[in-house]
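> Please read through the structure below; I'll follow up with questions.
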Amino acid sequence: MSDCIRCQKCGKDVPEDEVFATEGKTFCEDCYIDVNNRIRVCDPWGERSKKIYRESHGLEGTDGLTDQQKEIYEYIQSQGKATMADIGKRFNLSEAELNNQFAILRHCQLLKGKKEGDSVYIVPW
Ligand SMILES: [Zn+2]
Numbered sequence: 001m002s003d004c005i006r007c008q009k010c011g012k013d014v015p016e017d018e019v020f021a022t023e024g025k026t027f028c029e030d031c032y033i034d035v036n037n038r039i040r041v042c043d044p045w046g047e048r049s050k051k052i053y054r055e056s057h058g059l060e061g062t063d064g065l066t067d068q069q070k071e072i073y074e075y076i077q078s079q080g081k082a083t084m085a086d087i088g089k090r091f092n093l094s095e096a097e098l099n100n101q102f103a104i105l106r107h108c109q110l111l112k113g114k115k116e117g118d119s120v121y122i123v124p125w
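Right, here's the structure in full:
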């Protein structure tokens, strides 16, 4: 019997070894993902905790990403750069979905935004 810790978002009791902690709060897996999906794109603390989370789970490069996130990453690598509009069109993503995917890829330090003239391009980190 392992001890349970209460998720601070939904109040569910979670076994100690399945708890996700971020910014001093404890969450169940569902709430952790929910909270992380809301991290804004430019959030250095989010970036740091994501990186530590990946390191503590032995994840490197594109490990732990969804297939679509990997495809976006590979597309940018093969193209060198692309605008959000290009990526949205190619992967049939709404702006909100795309921002979400980009935020995760940015947190993993795989892709970043780069301003060239009047346009912003997504480029490899
Ligand atoms: Zn929860």
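Residue numbers (UniProt numbering): 1 to 125.
Idealized CB from N, CA, C, for every residue including glycine.
Check whether the Cβ of Asp17 sits closer than 8 Å to any heavy atom of ligand 1, and report yes or no.
Asp17 Cβ: outside cutoff for every heavy atom of ligand 1.
> What first and last residue would you give for the alpha helix (DSSP H) that runs through Asp67?
Segment 67-79, the alpha helix (DSSP H) holding Asp67.
> By how many angstroms is the C-alpha of Leu105 removed from the C-alpha of Glu23?
Cα-Cα distance, rounded: 20 Å.
> Tell me whether the beta-carbon of Lys81 lies closer than 9 Å to the beta-carbon of Tyr121.
Yes. Within cutoff.
> Excluding the five sequence neighbours on either side, which residues of its own chain have a C-beta within less than 7 Å of the C-beta of Glu95, listed in chain order?
Cβ within range, chain order: Gly88.
> Could you say which of Asn99, Gly117, Thr26 lies nearest to Gly11 if we only look at CA atoms?
For the residues Asn99, Gly117, Thr26, the minimum Cα distance to Gly11 belongs to Thr26.
> In terms of alpha-carbon separation, which member of Val14, Ala21, Val123, Asp3 lies closest to Gln79?
Considering only alpha carbons, the answer is Val123.
> Would Lys9 pass as a contact of Asp34 if the rule is Cβ separation under 9 Å?
Yes, these two residues count as a Cβ contact at 9 Å.
> I need the boundaries of the alpha helix (DSSP H) containing Glu95, first residue and last residue.
Per DSSP, Glu95 belongs to the alpha helix (DSSP H) from 95-107.
> Over the uninterrupted alpha helix (DSSP H) stretch that includes Asp86, give me the two end residues.
It spans 84-91 - the alpha helix (DSSP H) in which Asp86 sits, taken as one unbroken run.
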